[in-house]
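Heads up: the structure comes next, in structure tokens.
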DNA sequence: GTGCGGATGAACT
DNA sequence: GTTCATCCGCACT
């Protein structure tokens with residue numbers, strides 16, 4: 003059921019981002035399993051993409067995990083507060099990654115609600131990149147984690163969406179990146195209420 | 001060593 | 001619509 007390594011090793015990061023929409027993301031923290039279906043994802047390409055932290059293949063302590071072979075997690079701290087979860091793709095030496103921006107919670111709703119400390123409308127639980135990491139208990143400890151192991155992983159949900167139901171648009175929050183801000187590398191499920199609302 | 005700002009979210013007015 | 005929480009990475013000196 004877990005997606006195999008070769009799924010992540012393909013060279014076209016935008017294609018993989020699209021393929022990830024509809025797949026299921028799981029975590030297991032201290033025996034508490036939580037999971038949800040990916041409904042929104044964005045592709046970032048290190049070599050050519052100004053919006054990517056590893057633009058021009060810039061390798062630093064933070065970005066070095068993106069240069070590893072695909073199928074591992076890239077988690078970083080944003081605004082000093084939020085952990086954002088990415089999936090590293092492509093073969094070793096290519097710094098490509100896919101930001102997961104929203105999931106539809108499917109497993110461990112009680113734990114998710116507790117982590118989100120919220121009894122508000124459930125649609126708010128995981129509809130954003132910082133929200134879903136908190137809901138699924140993803141933090142900096144997961145940086146570099148192998149997505150084919152048992153701490154954090156991705157499964158084929160068995161659900162497939164036709165191309166009519168997957169929309170592509172420009173990415174969120176990358177206005178600073180000039181021409182690359184216009185790349186349509188954000189993919190999400192049409193009319194799905196769990197997609198983030200920028 | 002220092003300073004700036006970010007792939008956001010929540011709580012305000 | 002606006003504000004602010006909160007801290008590391010990174011580009012300088």
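In our numbering, the protein residues as written are 3 to 200. Using N, Cα and C, we set each Cβ at its ideal position, and we do this for glycine too. What you are looking at is a predicted structure, and each value in this text was computed from that prediction instead of being measured.
query	result
Taking the straight line between their C-alpha atoms, what separation do you get for residue 168 and residue 16?	13 Å
Which partner residues of residue 187 appear in the DSSP bridge assignment?	Beta-bridge pairing links residue 187 to no other residue.
By how many angstroms is the C-alpha of residue 114 removed from the C-alpha of residue 35?	10 Å
Between residue 39 and residue 124, how many whole angstroms is the CB-CB distance? I'm expecting something under 8 Å.	The Cβ separation is near 14 Å, so there is no contact.
Taking the alpha-carbon positions, what's the residue 195 to residue 133 distance?	15 Å
Three or more C-beta pairs under 8 Å: does that hold for the region 138-147 against the region 183-193?	no
Does DSSP put residue 163 in a helix, in a strand, or in coil?	coil
Near residue 80, which residues of its chain fall below 6 Å by C-beta distance, leaving aside the five closest residues on each side in sequence?	86
Can you tell me where the beta strand (DSSP E) with residue 107 in it begins and where it stops?	98-109
Ordered along the chain, which non-local residues of its own chain (more than five positions away) have a Cβ less than 6 Å from that of residue 89?	100
Which term fits residue 25, buried or exposed, when burial requires 16 or more other beta carbons within 10 angstroms of its beta carbon?	buried
So within the region 132-176, which uninterrupted beta strand (DSSP E) runs reach at least 3 residues, ignoring any that extend past its ends?	154-157 and 168-171
Below 7 Å CB to CB, which residues in the same chain sit around residue 71 once its five sequence neighbours on both sides are set aside?	11, 93 and 94
Could you check which residue in 200, 183 and 135 has the C-alpha nearest to that of residue 45?	183
I'd like the ranges of any alpha helix (DSSP H) spanning at least 4 consecutive residues and lying wholly in the region 44-77.	none
Report buried or exposed for residue 136, applying the criterion of at least 16 other Cβ atoms within 10 angstroms of its Cβ.	buried
May I ask which residues mark the beginning and end of the alpha helix (DSSP H) holding residue 89?	Taken as a continuous stretch (DSSP letters only), residue 89 belongs to no alpha helix (DSSP H), being part of the beta strand (DSSP E) at 84-91.
On the criterion of 16 or more Cβ atoms from any shown chain inside 10 Å, does residue 96 qualify as buried, or is it exposed?	buried
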